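Numbering (my numbering), first residue to last: 1 to 270.
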């Protein structure tokens, strides 16, 4: 009787171990999803603004952009600019207008936010060569609002350096006629295009730590490094339950053995 009761109690005490360990095993899968917020702010007095969200799931990058104040009904070339070799690019300020013509053109801005890494087209190729694929870029609606979403396979370099990259949308309307014209001259990138079509309108860099992801190290969270000896809370909780259950079972067995050793001969322990 004693052996059977001990076995049943030990099994019950071990149940939290299985539950805790199964929860701990599921934690790494949740950690794979990482999301980063970018606030888009105007360049060239465009009056544009917006928010972009970059979400990584393995090597799949989902880009969502909601912006407004853009040139109504016009396509807006948009890209992820920056470096995957650790160079710290940023969005330019007014001082980037080195030729003093009143407009920060893309060549002047690239010094600050880096070359095109990904072209945020609506379909087809997303490489740098599609940077001026205006026919595959999203258009703002009649109110100057633009919504965009696309999931793109990216290289491991992009995954590793996603926080060093920036979102830029192009297309301005300095003369306020709601279209691109050559009032500001030709684009330095393609003389067939007006400057207004390729000059940057909004730019944004990754803000702070990851949004909606599990902290995994000092660089991303400001906390302990990946080599820290601290135990993550999820694992500590699982380990604590496991330790308590196992310790409880061991104590119970000790007590049962001690009781059995002092029972009079011919009587069984209850």
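Note that CB positions come from ideal geometry on N, CA and C, so glycine has one too.
Quick caveat, the model's predicted, so the values are computed rather than measured.
(request) Pull up the distance between the alpha-carbon of residue 175 and that of residue 85, whole angstroms please. (result) For the purposes of this step, residue 175 is taken as the residue at position 175 of the chain shown. For the purposes of this step, residue 85 is taken as the residue at position 85 of the chain shown. So the alpha carbons of these two residues sit roughly 39 Å apart.
(message) Pairs of beta-carbons, one from the region 56-68 and one from the region 145-158, closer than 8 Å: are there three or more?
(response) yes
(message) As an exercise, report each continuous beta strand (DSSP E) stretch of at least 3 residues that is fully enclosed by the region 24-71, in chain order.
(response) 33-42, 49-57, 60-68
(message) Which same chain residues end up closer than 6 Å to residue 33 when comparing Cβ atoms and leaving out the 5 residues on each side of it in sequence?
(response) Position 33 of the chain shown, counted from the first residue, corresponds to residue 33. For residue 33, where only same-chain residues beyond five positions count, the Cβ hits under 6 Å are 57.
(message) Starting from residue 166, trace the beta strand (DSSP E) in both directions and tell me its first and last residue.
(response) Here residue 166 refers to the residue found at position 166 of the chain shown. 165-170 is the span of the beta strand (DSSP E), which, as asked, contains residue 166.
(request) Mind the definition here: the region 196-203 touches the region 115-129 only if three or more C-beta pairs lie below 8 Å; say whether that holds. (result) no
(message) Counting C-beta neighbours from all protein chains within 10 Å, is the total for residue 142 16 or more, i.e. buried, or is it exposed?
(response) Indexing the chain shown from 1 puts residue 142 at position 142. Exposed is the call here.
(message) Taking the alpha-carbon of residue 82 as reference, which of 162, 190, 191, 147 has the nearest alpha-carbon?
(response) Your numbering for residue 82 matches position 82 in the chain shown. Comparing Cα positions, the closest option is 162.
(request) Could you check what DSSP says for residue 82 in three-state terms: helix, strand or coil? (result) In the chain shown, residue 82 corresponds to position 82, counting from 1. Here residue 82 sits in strand by DSSP.
(request) Rounded to whole angstroms, what's the CA-CA distance from residue 73 to residue 178? Just pull it up for me. (result) For the purposes of this step, residue 73 is identified with residue 73 of the chain shown, where counting begins at 1. For the purposes of this step, residue 178 is identified with residue 178 of the chain shown, where counting begins at 1. Residue 73 and residue 178: Cα-Cα distance of roughly 8 Å.
(request) Check the C-beta distance from residue 38 over to residue 207 and give it rounded, since I have them as a contact under 8 Å. (result) In the chain shown, counting from the first residue as 1, residue 38 sits at position 38. In the chain shown, counting from the first residue as 1, residue 207 sits at position 207. Right, the Cβ-Cβ distance comes to about 6 Å (below 8 Å), so this counts as a contact.
(request) Could you pull out every unbroken beta strand (DSSP E) segment of at least 3 residues lying fully inside the region 148-206, listed in chain order? (result) 165-170, 200-205
(message) Considering only their Cβ atoms, is the gap separating residue 196 from residue 183 smaller than 9 Å?
(response) Here residue 183 corresponds to residue number 183 of the chain shown, with the count starting at 1. Here residue 196 corresponds to residue number 196 of the chain shown, with the count starting at 1. Contact flag set, yes.
(message) I need the DSSP call for residue 138, collapsed to helix, strand or coil.
(response) What you label residue 138 is simply residue 138 of the chain shown in a count that begins at 1. Of the three classes helix, strand and coil, the one that applies to residue 138 here is coil, per DSSP.
(request) Could you spell out where the beta strand (DSSP E) holding residue 117 opens and where it closes? (result) By 1-based counting over the chain shown, the position of residue 117 is 117. From DSSP, the beta strand (DSSP E) with residue 117 extends over 116-119.
(request) Let me know if residue 236 comes out buried or exposed under the rule of 16 or more other beta-carbons within 10 Å of its beta-carbon. (result) Walking along the chain shown from the start, residue 236 turns up at place 236. Confidence in residue 236 is poor, its pLDDT being 34 and thus under 50, which makes the residue's placement too unreliable to answer from.
(message) Restricting to Cα atoms, I'd like to know which of 137, 126, 90 is closest to residue 114.
(response) For this step, residue 114 is matched to residue 114 along the chain shown. Residue 114 has its Cα closest to that of 90, out of 137, 126, 90.
(message) Once DSSP output is grouped into helix, strand and coil, what is the label at residue 92?
(response) Locating residue 92 in the chain shown gives position 92, where the first residue counts as 1. Coil.
(request) Would you give the residue range spanned by the alpha helix (DSSP H) that residue 110 belongs to? (result) For the purposes of this step, residue 110 is identified with residue 110 of the chain shown, where counting begins at 1. Start and end: 106-113.
(request) Figure out for me which residue from 94, 165, 192 has the closest Cα to the Cα of residue 54. (result) On the chain shown, residue 54 is found 54 positions in, with the first residue counted as 1. For residue 54, the nearest C-alpha among the options comes from 165.
(request) Would you kindly work out how many angstroms separate the C-alpha atoms of residue 69 and residue 95, rounded to a whole number? (result) Counted from its first residue, the chain shown places residue 69 at position 69. Counted from its first residue, the chain shown places residue 95 at position 95. Rounded to whole angstroms, residue 69 to residue 95 spans 23 Å at the Cα level.
(request) Assuming residue 185 and residue 76 form a contact by the criterion Cβ under 8 Å, report the distance between their Cβ atoms to the nearest whole angstrom. (result) For the purposes of this step, residue 185 is taken as the residue at position 185 of the chain shown. For the purposes of this step, residue 76 is taken as the residue at position 76 of the chain shown. Actually they are not in contact, since the Cβ atoms of residue 185 and residue 76 sit about 19 Å apart, beyond 8 Å.
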